[in-house]
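Enquirer:
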């Protein structure tokens, strides 16, 4: 890569620099392919979005914000945006490969559609680590869910899809965004909010890791809203005391009552179960 004309200087990429391979997936506004840079042979994932579709969906500014934010985030548990370019019809995002794909798929294929506590604790730690890095760099993710997390070949997480992310340098925000089952009370009630919405979403995510579904899920949108506002959360009997303690400390209102992401990473349940996970991995070698 160091011999490539793009190394260490401005370079105008174009579609001719790449060979597209097998499709890896598709979203509402884009398709993702395996790709190879012709000169270096470097492999990565290429996300291609049609400008007409983005315009029709009214998400041009959202995509530009995603590019601007994700291109400057460099963390082991955040999917790297390596470069981007566009032509008359399309926008191209060159992303690092997460070989095992969406975490959602692995969660659904696990026994009972849930992860054992050691695996859930490891993933919770890695997401907390990535979110903490975002917050230090004045970014709120705002759309945490298993579909927006990818898994690498060596079983590590990569936080992805920054389409709903935002800078925190401005005043408290009011935009309602994200996924219904993950919405925090302050969004549901139409109040202003800050980066602590990500802690709430991490609590929902950890619950879903362990139970297989979000805690406030229902067949009716208004009922889901009511459950969120009332903190109507019920824990299955099989959950450990430690996991319930962590989730309860994240799913709190007001938002100032939620524990920090550093406290999540040092929580006894997380530390104990990460040790168990590492011990299990060591035995498998």
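Residue numbers (the UniProt record's numbering): 1 to 285. C-beta: ideal position from N, C-alpha, C; glycine also.
Please work out which residues of its chain come closer than 8 Å, Cβ to Cβ, to residue 274, disregarding the five sequence neighbours upstream and downstream, and give them in chain order.
Expert: Start at 1 with the first residue of the chain shown, and residue 274 comes out as number 274. The answer, listed in chain order, is 118, 121, 122, 125.
Enquirer: Take the Cβ of residue 198 as the centre, count every other Cβ of all protein chains shown within 10 Å, and call the residue buried at 16 or more, exposed below.
Expert: Position 198 of the chain shown, counted from the first residue, corresponds to residue 198. Buried is the call here.
Enquirer: Going by Cα to Cα distance, which pick from 22, 93, 239, 23 is closest to residue 51?
Expert: Along the chain shown, read from residue 1 onward, the residue named residue 51 stands at position 51. It is 93 whose Cα lies nearest to the Cα of residue 51.
Enquirer: Under the criterion of a Cβ to heavy atom distance below 6 Å, does residue 65 qualify as lining the ligand FAD?
Expert: No copy of the ligand FAD occurs in the structure displayed, which carries no ligand at all.
Enquirer: Mapping the DSSP letters down to three states, classify residue 19 as helix, strand or coil.
Expert: To locate residue 19, count along the chain shown from 1; it is residue 19. Strand at residue 19.
Enquirer: Does DSSP classify residue 39 as helix, strand or coil?
Expert: Here the question's residue 39 lines up with position 39 in the chain shown. Looking at residue 39 - three-state DSSP - the assignment turns out to be coil, as it is neither helix nor strand.
Enquirer: Checking 7 Å against the spacing of the C-beta atoms, do residue 246 and residue 267 come in under that value?
Expert: Taking the chain shown and counting its residues from 1, one reaches residue 246 at position 246. Taking the chain shown and counting its residues from 1, one reaches residue 267 at position 267. Going by C-beta atoms, residue 246 is nearer than 7 Å to residue 267.
Enquirer: What does the Cβ neighbour count give for residue 46, buried or exposed, with the cut at 16 atoms within 10 Å?
Expert: The sequence position of residue 46 within the chain shown is 46, counting from 1. With 16 or more other Cβ atoms within 10 Å, it is buried.
Enquirer: Taking 6 Å as the limit between beta carbons, can you name the residues of its chain near residue 215, skipping five residues before and five after?
Expert: Here residue 215 is taken as the residue at index 215 of the chain shown, counted from 1. Contacts found: 207, 233.
Enquirer: Output yes or no for whether 7 Å exceeds the beta carbon distance between residue 235 and residue 244.
Expert: Residue 235 sits at position 235 when you count from the first residue of the chain shown. Residue 244 sits at position 244 when you count from the first residue of the chain shown. Cβ distance < 7 Å, so residue 235 and residue 244 count as in contact.
Enquirer: Expressed to the nearest angstrom, what Euclidean distance is found between the alpha-carbon atoms of residue 151 and residue 54?
Expert: Taking the chain shown and counting its residues from 1, the one referred to as residue 151 is at position 151. Taking the chain shown and counting its residues from 1, the one referred to as residue 54 is at position 54. C-alpha separation (whole angstroms): 27 Å.
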